[in-house]
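S.K.: Pasting in a structure now, in structure tokens, and then I'll have a few things to ask.
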Amino acid sequence: MRRTKVADAVRAEAPADAVLIQGWVRTRRSSKGVHFLELNDGSGPETLQVVVDADLSGAGEVEQSATGAAVSVEGALVESPGRGQTWELQAREVRLLGAADPEVYPLQKKRHSDEFLRSIAHLRFRSNKYGAVSRVRSTAALAVHDFFRERDFYCLHTPILTASDCEGAGELFKVTAQDPERIAEKGYSPEEDFFGKRTYLTVSGQLAAEAAACGLGQVYTFGPAFRAEDSNTPRHAAEFWMVEPEVAFAGLGEIVDLAGELLVFITGRVLSERGPDIDLLSRFAETDLSRRLESVRDQGLHRLEYGEAVRILEQSEREWTYPVFFGADLQTEHERYLAEEHFRSPVAVLNYPREIKPFYMRENEDERTVAGFDVLLPAVGEIVGGSQREERLEVLQRRMREMGIDPADYEWYLDLRRYGSAPHAGFGLGFERLVMFLTGVGNIRDAIPFPRASGQLEY
RNA sequence: UCCCCGGUAGCUCAAUCGGCAGAGCGGGUGACUGUUAAUCACCAUGUUGGCGGUUCAAGUCCGUCCCGGGGAGCCA
0 MRRTKVADAV RAEAPADAVL IQGWVRTRRS SKGVHFLELN DGSGPETLQV
50 VVDADLSGAG EVEQSATGAA VSVEGALVES PGRGQTWELQ AREVRLLGAA
100 DPEVYPLQKK RHSDEFLRSI AHLRFRSNKY GAVSRVRSTA ALAVHDFFRE
150 RDFYCLHTPI LTASDCEGAG ELFKVTAQDP ERIAEKGYSP EEDFFGKRTY
200 LTVSGQLAAE AAACGLGQVY TFGPAFRAED SNTPRHAAEF WMVEPEVAFA
250 GLGEIVDLAG ELLVFITGRV LSERGPDIDL LSRFAETDLS RRLESVRDQG
300 LHRLEYGEAV RILEQSEREW TYPVFFGADL QTEHERYLAE EHFRSPVAVL
350 NYPREIKPFY MRENEDERTV AGFDVLLPAV GEIVGGSQRE ERLEVLQRRM
400 REMGIDPADY EWYLDLRRYG SAPHAGFGLG FERLVMFLTG VGNIRDAIPF
450 PRASGQLEY
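Note that the first sequence covers residues 0 to 458 in numbering that gives the first Met the number 0.
Structure, rendered in structure tokens:
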């Protein structure tokens, strides 16, 4: 018999005589004549109530089917006489697939803290909250691909291993094929290493995506990035996934539009496909979640100039720890004020002072700002950073020298400006931060299945 | 990396001034004719994060390390 998923069973339109359900026991309630099992199989946040009469042959198996056990039940899907559920499964045959000793099984039929669940990351897929987060993450990931596919972008795989050590995005992980013992003995010699040069894990696929866009037109990457920053915050991970579109012949305005549309598209998809999970997360993670997601889906992105942002901050009543003036980078306190209090919505800040942004952002006509932008989210902070890219060879070379970067290390990147240089623009979106926004979880380590952070490499 | 807070039963937490280590939930056993955070009765929870120190006496004070949380910086 083919397995019926719990999510489908609880939405049945009619009774069914022969149904097979397989799942994990969330709770069991027993009285003298009858046992009740609630099963979840990951198909959604719902559980299906299974009724096992005590005189059923094989009811003994139920004795061992405590919270956490895997069971297989065949029976009839019938209207439930009890309150709290429409349908229930009247069991004809119950088989225990795998017991879970309740004395030691860590998950209980009660609410656990995020910290505890994180310490049993291999089992937390079976929890209500983390199960919902996992499903939302999957829906969001597939929505990314659907969004770009609808717009005729090419999906691009960029290298994980890289030799460029100064993309300006934090500390890099060093990679070597040499034995640590040998290095300790003889010192490290890049020439004798696997690639014959110093090797790192990528911090971004951007430079490669630029090359691809300047030929394919419009591309996006969706892959892992690595930062060896020893940053211990709820918003940073050492390994995370990034979505990086890059579009030829596009300017700042178009790429900001694209970021806003992407955000709206994914939010809408999650709302329509994962309603029950969003409802659950609204109860367990953040009460305001549904309303917030709906407002983003319907209203999209606010946008304002960096200069306006500075004026808003200067004119606010707030006392700032870090001073606000044209030329200062926006601190976390400023970003939070803009997104959480002033606009109460996602906001894109455009055209930052050139001194505080990387070399590849295109210099504006005013010669003091660059065509870059950040998208700030309430509670999550910066989720997108992007720009129109500097396509003028001389300007790019000058900017690199100004920022202490040797143009000789970027000959291939400069070639894109030497031959058929075209305006182009792109951005990077932190996928886990997006998942935080979509689910209301407060820590990035709960937005990715097996988080990696400094001092943490479990599983 | 810096600042602040924390680490006690499986989980969440309490323990006054340094003086017998506790509760709720979870678990076990039994009862109960359909429960749904089931209910009722009884039972057991332990290297108080590790190491060292002060003291007659340390969960409590001191040092140090580890881990977790919050904030900051860096950024996605």
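Yeah, the Cβ is synthetic: ideal placement off N, Cα and C, and Gly gets one too. All values derive from a computational prediction rather than experimental measurement.
Does the Cβ of residue 131 have 16 or more other Cβ atoms within 10 Å, making it buried, or fewer, making it exposed?
M.R.: Mapped onto the first sequence, residue 131 falls at position 132. Buried, since its Cβ has 16 or more Cβ neighbours within 10 Å.
S.K.: Checking 8 Å against the spacing of the C-beta atoms, do residue 300 and residue 349 come in under that value?
M.R.: Translated into positions along the first sequence, residue 300 becomes position 301. Translated into positions along the first sequence, residue 349 becomes position 350. No; because the gap between Cβ atoms is not below 8 Å, this pair is not in contact.
S.K.: Thinking C-alpha only, which one of 6, 385, 67 is nearest residue 369?
M.R.: To locate residue 369, count along the first sequence from 1; it is residue 370. Comparing Cα-Cα distances from residue 369 to each of 6, 385, 67, the minimum goes to 385.
S.K.: On the CB-based measure, 16 or more other CB atoms within 10 Å of its CB, does residue 103 come out buried or exposed?
M.R.: The count along the first sequence starts at 1 and reaches residue 103 at position 104. It is exposed - the Cβ of residue 103 has fewer than 16 other Cβ atoms within 10 Å.
S.K.: Give me, in chain order, the residues of the same chain whose beta-carbon lies closer than 8 Å to that of residue 194; leave out the 5 immediate sequence neighbours on both sides.
M.R.: As a working mapping, residue 194 is identified with position 195 in the first sequence. Closer than 8 Å at the Cβ level, and outside the excluded window around residue 194, lie 160, 162.
S.K.: Check the DSSP bridge columns for residue 199 and list the partner residues they point to.
M.R.: The residue you call residue 199 lines up with position 200 of the first sequence. For residue 199, which the question treats as bridged, DSSP gives the partners 161, 173.
S.K.: Go ahead and pull the three-state DSSP assignment for residue 39.
M.R.: Numbered from its first residue, the first sequence carries residue 39 at position 40. Here residue 39 sits in strand by DSSP.
S.K.: Less than 8 Å between the beta carbons of residue 93 and residue 51, yes or no?
M.R.: Here residue 93 is taken as the residue at index 94 of the first sequence, counted from 1. Here residue 51 is taken as the residue at index 52 of the first sequence, counted from 1. For residue 93 and residue 51, yes; Cβs fall inside 8 Å.
S.K.: With C-beta atoms as the reference, is residue 269 less than 8 Å away from residue 139?
M.R.: As a first step, residue 269 is located in the first sequence; it is residue number 270 there, counting from the start. As a first step, residue 139 is located in the first sequence; it is residue number 140 there, counting from the start. Result yes, Cβ atoms of residue 269 and residue 139 sit closer than 8 Å.
S.K.: Pull up the distance between the alpha-carbon of residue 71 and that of residue 133, whole angstroms please.
M.R.: In the first sequence, the residue the question calls residue 71 occupies position 72. In the first sequence, the residue the question calls residue 133 occupies position 134. Between residue 71 and residue 133, the C-alpha separation is close to 24 Å.
S.K.: According to the neighbour-count rule (16 or more other Cβ atoms, all chains shown, within 10 Å of its Cβ), is residue 430 buried or exposed?
M.R.: Within the first sequence, the letter at position 431 stands for residue 430. Flag for residue 430 reads buried.
S.K.: Taking the C-alpha atoms as reference points, what is the distance between residue 298 and residue 379?
M.R.: For the purposes of this step, residue 298 is identified with residue 299 of the first sequence, where counting begins at 1. For the purposes of this step, residue 379 is identified with residue 380 of the first sequence, where counting begins at 1. The alpha-carbon atoms of residue 298 and residue 379 are separated by roughly 18 Å.
S.K.: If you run the structure through DSSP and keep just helix, strand and coil, what is residue 19?
M.R.: Here the question's residue 19 lines up with position 20 in the first sequence. Strand.
S.K.: From this set, 178, 135, 405, which residue's C-alpha is nearest residue 438's C-alpha?
M.R.: Numbered from 1 along the first sequence, position 439 holds the residue referred to as residue 438. Ranking the options by Cα distance to residue 438, first place goes to 135.
S.K.: Label residue 213 either buried or exposed according to how many other C-beta atoms from any shown protein chain fall within 10 Å of its C-beta, with 16 as the threshold for buried.
M.R.: Here residue 213 corresponds to residue number 214 of the first sequence, with the count starting at 1. Answer is buried; the Cβ neighbour count reaches 16.
S.K.: Give the secondary structure of residue 84 by DSSP, where H, G and I count as helix, E and B as strand, and everything else as coil.
M.R.: The sequence position of residue 84 within the first sequence is 85, counting from 1. Residue 84 falls in the coil class under three-state DSSP.
S.K.: For a quick check, are the C-beta atoms of residue 459 and residue 353 less than 8 Å apart?
M.R.: Past the edges of the chain, shown from 0 to 458, lies residue 459, and the structure says nothing about it.
S.K.: Closest to residue 346 by C-alpha separation, out of 68, 10, 302, 339, would be which residue?
M.R.: To locate residue 346, count along the first sequence from 1; it is residue 347. Out of 68, 10, 302, 339, 302 has the C-alpha closest to the C-alpha of residue 346.
S.K.: Given a cut-off of 8 Å, decide if residue 236 and residue 443 are closer than it, judged by their beta-carbon atoms.
M.R.: Counting from one through the first sequence, the residue named residue 443 turns up at place 444. Counting from one through the first sequence, the residue named residue 236 turns up at place 237. In this structure, residue 236 lies closer than 8 Å to residue 443 by Cβ.
S.K.: Does the pairing of the segment 217-231 with the segment 183-203 give three or more beta-carbon distances under 8 Å?
M.R.: Contact holds: three or more Cβ-Cβ distances are below 8 Å.
S.K.: Enumerated in chain order, which unbroken segments of the beta strand (DSSP E) with a length of 3 residues or greater are wholly contained in the segment 71-148?
M.R.: If we require 3 residues or more, the beta strand (DSSP E) runs fully inside the segment 71-148 come out as 86-97.
S.K.: Helix or strand or just coil, what does DSSP make of residue 183?
M.R.: Looking up residue 183 in the first sequence gives position 184. Reduced to three states, the DSSP call for residue 183 is helix.
S.K.: Just to confirm my understanding: we take residue 229, look at its own chain, exclude 5 residues before and 5 after, and list those with CB closer than 6 Å. What are they?
M.R.: For this step, residue 229 is matched to residue 230 along the first sequence. Cβ neighbours of residue 229 beyond the five flanking positions: 453.
S.K.: Answer with buried or exposed for residue 290, where buried requires no fewer than 16 other C-beta atoms within 10 angstroms of its C-beta.
M.R.: Taking the first residue of the first sequence as position 1, residue 290 is located at position 291. Residue 290 should be labelled exposed.
S.K.: Per DSSP, which one or two residues make a beta bridge with residue 423?
M.R.: Taking the first sequence and counting its residues from 1, one reaches residue 423 at position 424. For residue 423, which the question treats as bridged, DSSP gives the partners 247.
S.K.: On the three-state DSSP scale, how would you describe residue 319?
M.R.: Reading the first sequence from its first residue, position 320 is the one you call residue 319. The answer is coil: DSSP assigns residue 319 none of H, G, I, E or B.
S.K.: Return the chain-ordered list of same chain residues with a C-beta closer than 7 Å to the C-beta of residue 440, the five sequence neighbours on each side being excluded.
M.R.: The sequence position of residue 440 within the first sequence is 441, counting from 1. Counting only Cβ-Cβ distances below 7 Å, and skipping sequence neighbours, we find 132, 284, 446.
S.K.: Along the chain, where does the alpha helix (DSSP H) containing residue 381 start, and where does it finish?
M.R.: Start at 1 with the first residue of the first sequence, and residue 381 comes out as number 382. From DSSP, residue 381 is part of no alpha helix (DSSP H) but of the beta strand (DSSP E) over 380-387.
S.K.: Compute the beta-carbon to beta-carbon distance between residue 265 and residue 372, rounded to the nearest angstrom, for a pair I have assumed lies under 8 Å.
M.R.: Here residue 265 is taken as the residue at index 266 of the first sequence, counted from 1. Here residue 372 is taken as the residue at index 373 of the first sequence, counted from 1. About 18 Å; that fails the 8 Å criterion.
S.K.: Within 10 Å of its beta-carbon, does residue 259 have 16 or more other beta-carbons around it, so buried, or fewer, so exposed?
M.R.: Walking along the first sequence from the start, residue 259 turns up at place 260. Classification of residue 259: buried, given that the 10 Å Cβ count is 16 or more.
S.K.: Going by beta-carbon coordinates alone, are residue 248 and residue 421 separated by less than 8 Å?
M.R.: Here residue 248 is taken as the residue at index 249 of the first sequence, counted from 1. Here residue 421 is taken as the residue at index 422 of the first sequence, counted from 1. Cβ atoms of residue 248 and residue 421: closer than 8 Å.
S.K.: Could you check what DSSP says for residue 234 in three-state terms: helix, strand or coil?
M.R.: Residue 234 sits at position 235 when you count from the first residue of the first sequence. Three-state result, residue 234: coil.
S.K.: For the candidate residues 282, 393, 9, 296, whose alpha-carbon lies nearest to that of residue 267?
M.R.: Your numbering for residue 267 matches position 268 in the first sequence. Nearest option by C-alpha distance: 296.
S.K.: Helix, strand or coil for residue 29, going by three-state DSSP, please let me know.
M.R.: For the purposes of this step, residue 29 is identified with residue 30 of the first sequence, where counting begins at 1. Reduced to three states, the DSSP call for residue 29 is strand.
S.K.: Any heavy atom of the ligand GDP within a distance shorter than 7 Å of the CB on residue 231?
M.R.: Absent from the structure shown: the ligand GDP. Ligands present: none.
S.K.: Please name the residue in 62, 36, 89 whose C-alpha comes closest to that of residue 17.
M.R.: The residue given as residue 17 occupies position 18 in the first sequence. Ranking the options by Cα distance to residue 17, first place goes to 89.
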